[in-house]
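Right, one structure below, let's go through it.
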Amino acid sequence: MVHLITVEKDQEVLATIGAALAELGVTAGSMTLIGAVQTATVSVMKKDDALTDYLRTYDQPLELSGTGEIWDGKPHIHVTLYAEDFVTGGHLHSATVREFFVHAYVTPLAS
3 MVHLITVEKD QEVLATIGAA LAELGVTAGS MTLIGAVQTA TVSVMKKDDA
53 LTDYLRTYDQ PLELSGTGEI WDGKPHIHVT LYAEDFVTGG HLHSATVREF
103 FVHAYVTPLA S
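Mapping of the sequence shown onto the numbering used here: residues 3 to 113, in sequence order.
In structure tokens:
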């Protein structure tokens with residue numbers, strides 16, 4: 003069964019998804035995300051230094067798409083962000099919805 007989690011105006015993406023996962027009792031699984039956010043912090047890696055995460059924070063309207071895993075009830079999300087002047091991707095550390103929304107389609111791992 004796939005669950006839809008909607009992150010709405012002024013909500014933080016990871017916190018909202020995490021709370022919904024706890025309410026649903028989902029501790030392991032996968033997810034697909036689509037939507038738009040106003041701010042986002044992602045970690046990226048350089049080609050020549052794959053062991054170091056570099057945090058980048060963006061504050062502008064960003065289209066967001068991604069996939070993720072759920073481990074121990076916590077979301078781990080890999081996203082691509084699109085804006086008028088750039089495209090970037092990485093591991094999502096935080097993101098806040100302002101005038102938009104994010105939908106997370108969660109598929110629990112069968113026990």
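Built from N, CA and C at the ideal position, the CB exists for glycine as well.
Neighbour-count burial assignment, residue i, 16 or more Cβ in a 10 Å radius
{"i": "residue 36", "result": "exposed"}
{"i": "residue 54", "result": "exposed"}
{"i": "residue 31", "result": "buried"}
{"i": "residue 18", "result": "buried"}
{"i": "residue 111", "result": "exposed"}
{"i": "residue 24", "result": "exposed"}
{"i": "residue 83", "result": "buried"}
{"i": "residue 104", "result": "buried"}
Any non-hydrogen atom of the ligand ATP closer than 7 Å to residue i Cβ
{"i": "residue 23", "result": "Inclusion of the ligand ATP in the displayed structure is not the case, the ligand content being empty and no account of it being possible."}
Cβ pair residue i, residue j closer than 8 Å
{"i": "residue 85", "j": "residue 15", "result": "no"}
{"i": "residue 65", "j": "residue 42", "result": "no"}
{"i": "residue 33", "j": "residue 69", "result": "yes"}
{"i": "residue 74", "j": "residue 109", "result": "no"}
{"i": "residue 107", "j": "residue 6", "result": "yes"}
Beta-carbon separation (whole angstroms), residue i vs residue j, contact threshold 8 Å
{"i": "residue 93", "j": "residue 45", "result": "5 Å"}
{"i": "residue 62", "j": "residue 100", "result": "The pair is not a contact, with the Cβ atoms about 10 Å apart (cut-off 8 Å)."}
{"i": "residue 90", "j": "residue 58", "result": "7 Å"}
Residue-level contact to chain B via CB, residue i, 8 Å cutoff
{"i": "residue 12", "result": "This model lacks chain B altogether; it includes just one protein chain."}
Terminal residues of the beta strand (DSSP E) in which residue i lies
{"i": "residue 29", "result": "Here residue 29 belongs to no beta strand (DSSP E), and DSSP marks it neither H nor E."}
{"i": "residue 97", "result": "89-98"}
{"i": "residue 83", "result": "76-84"}
{"i": "residue 6", "result": "5-9"}
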